[in-house]
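Everything below concerns the one structure shown next.
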Amino acid sequence: MRIQVIGGGIAGASIAYHLLKEGHEVTVYDREDQGQATCVSAGIISPWVSQRRNKVWYQLVRLGAAYYPEFIQELESLTGERTGHRKSGAILFFKDEEVLPKAFKRITDKQAEAPEMGELTYLTKDQQQAKFPMLTTEFPSLYLSGASMVNGKQLRDVLQVAVEKLGGEWNQVSSPPEPSADLTIYCAGAWGNEYQQNIPVSHQKAQLLHFTIESDDTFPVVMGLKTHYIVSFGNGRFALGTTHEDTTSFDVSPTKEAQEELMKLAEMYFPGQELKELSMAVGLRPYTPNFLPIVEQISDSLFVVNGLGSSGLTAGPLLGKEISHWVSGKETQLDLSKFTWKEGDGDR
Ligand SMILES: Cc1cc2nc3c(=O)[nH]c(=O)nc-3n(C[C@H](O)[C@H](O)[C@H](O)COP(=O)(O)OP(=O)(O)OC[C@H]3O[C@@H](n4cnc5c(N)ncnc54)[C@H](O)[C@@H]3O)c2cc1C
């Protein structure tokens with residue numbers, strides 16, 4: 636088939652890449668809007684630690700995380716480029732000792748089904764310090780060995796290279812052409828309503844603080860208290876996030892309030908450290924009312940894929956593969972009908 640993909644974040648890029656592998660003719664049109672979620676994403680792949688109970692979501696992200704090593708290996712060997720993916724491990728912080736055994740059980744209960752999560756262990760303060768010397772030892776912690784992270788921008792760029800290598804076209808456009816292919820797949824993230832008003836996509840403004848601390852190493856991801864996290868990109872570069880601001884605005888300027896809030900957190904997580912080269916990054920996280928992605932066939936020649944929410948980097952590669960199989964009439968691992976939108980749907 637001749638297929639147009641509108642939007643070149645992880646959703647569109649992954650769908651295009653996998654469709655090309657199935658032998659379709661693919662053209663991507665991307666506007667590269669400021670605030671594209673994929674480029675600023677923290678890229679943490681560790682779905683097993685989430686407390687969210689939705690089974691449809693969990694199956695998607697569990698299988699998404701399991702697919703990552705194969706996906707990255709194939710992509711990097713095809714292109715000869717690096718995606719920044721690494722098995723970082725994760726330090727998980729808890730507010731007090733009392734909750735640790737319950738959290739330990741909640742996570743290890745998932746291990747039989749998801750061996751890729753690796754080992755979960757209790758950390759003493761010394762063990763934690765050995766893994767991440769600059770980090771506070773104020774909170775009790777666990778360590779999950781199988782957690783990983785990917786650089787969203789690098790991954791997107793490598794997918795673009797792969798799309799072109801496989802014979803696809805990738806166009807940066809200010810507005811995409813009228814649909815003229817056999818099939819158009821619309822993956823416009825936070826901007827989804829511009830095209831399809833009846834798809835219930837909203838967005839949150841997510842602000843991250845980037846900074847450096849002198850060091851040459853890379854460190855585990857930190858899942859902090861509440862929804863805080865810290866990622867380490869190497870060469871002393873870190874990001875701490877994030878805010879979850881519901882908004883209808885597409886303004887991606889950082890705010891003073893968010894910077895101050897994140898700065899306080901950085902000082903709490905890195906006591907006594909000198910934080911340098913401070914800057915803010917802002918992304919627009921697309922989501923649906925039930926926080927599940929939407930894979931919706933609008934007509935014979937139009938699909939919408941959107942609402943990847945807070946776990947789009949985890950789910951995006953697998954979702955792309957599944958959608959390409961579906962479009963090609965092949966069997967899928969996921970039941971994609973679970974991701975169609977019905978008016979009045981609550982959390983499933
Ligand atoms: C701060 C932050 C941290 C995150 N951390 C994580 C994490 O740790 N782990 C994880 O799994 N997920 C994480 N996520 C979630 C993940 O990044 C998103 O779910 C995912 O990137 C969404 O991808 P997308 O392709 O749907 O949208 P986007 O990446 O926003 O891409 C949409 C693209 O469509 C283009 N577009 C829109 N309209 C048009 C049009 N008419 N024509 C052409 N192009 C158009 C836009 O310009 C944009 O490039 C995070 C998100 C944010 C914001």
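Those letters in the sequence shown? Residues 636 to 983, per the working numbering, in order. Yeah, the Cβ is synthetic: ideal placement off N, Cα and C, and Gly gets one too. It should be emphasised that the depicted structure is a prediction, and the values quoted were computed from it without experimental measurement.
Per DSSP, the unbroken alpha helix (DSSP H) holding I707 starts and ends at K690 to T714.
For S945, the closest C-alpha among the options Q746, G678 and K745 is that of G678. Annotated three-state conformation of I834 is coil, per DSSP. At least one heavy atom of ligand 1 lies less than 7 Å from the C-beta of P921. The Cβ neighbour count for R791, taken over all protein chains shown within 10 Å, is at least 16; the residue is labelled buried.
Cβ contact annotation for L777 (same chain, cutoff 8 Å, sequence separation greater than five): I726, L727, F729, L735, A738, F739, I742, L755, T756, Y757 and L758, in chain order. Relative to the Cα of A950, the nearest Cα in the group W805, F873 and F926 belongs to F926. Linking E773 to P906 through their CA atoms gives a straight-line distance of about 10 Å. Within the stretch 711 to 765, complete beta strand (DSSP E) segments of at least 3 residues are found at 725 to 728 and 755 to 758, given in chain order. Checking the 7 Å criterion, the Cβ of E667 is within range of a heavy atom belonging to ligand 1. Closest in C-alpha terms to N786, from the list V866, S884 and H960, comes V866. In this structure I820 does not touch V691 by the C-beta definition: roughly 21 Å separates them, more than the 8 Å allowed. With distances taken between CA atoms, H720 lies nearest to E705 out of V798, K745, H845 and E705.
In this structure, S681 sits near V856, with a CB-CB distance shorter than 8 Å. Collapsing the DSSP output to three states places H845 in a strand. For the 8 Å CB-CB criterion, Q842 and T882 do not form a contact. In this structure, the C-beta of P889 stays at least 7 Å away from each heavy atom of ligand 1.
Within the model, the alpha-carbon separation for E829 versus A646 is close to 17 Å. One Cα belongs to M769, the other to K899, and the distance between them is close to 16 Å.
Taken in chain order, the complete beta strand (DSSP E) segments of 3 residues or longer contained in the stretch 854 to 913 are 856 to 858, 864 to 869, 872 to 876 and 880 to 882. Contact between F974 and P928 holds: CB atoms are separated by about 5 Å, below the 8 Å threshold. Counting C-beta atoms within 10 angstroms of its own C-beta, L913 has fewer than 16 neighbours from the protein chains shown and is therefore classed as exposed. The beta carbon of D817 lies closer than 7 Å to those of M636, R637, I638 and S936 in the same chain, with the five residues before and after it left out. Here L794 is buried: its Cβ has 16 or more other Cβ atoms, across all protein chains shown, within 10 Å. Taking the CA atoms as reference points, R687 sits about 30 Å from Q669.
For Y693, the shortest C-beta to heavy atom distance toward ligand 1 is 7 Å or greater. For T923, the closest C-alpha among the options Q908, Q968, S934 and V939 is that of V939.
Membership of D665 in the beta strand (DSSP E) is indicated by the continuous run E660 to D665. Remark: the C-beta of L794 is outside contact range of ligand 1, defined as less than 7 Å to any heavy atom.
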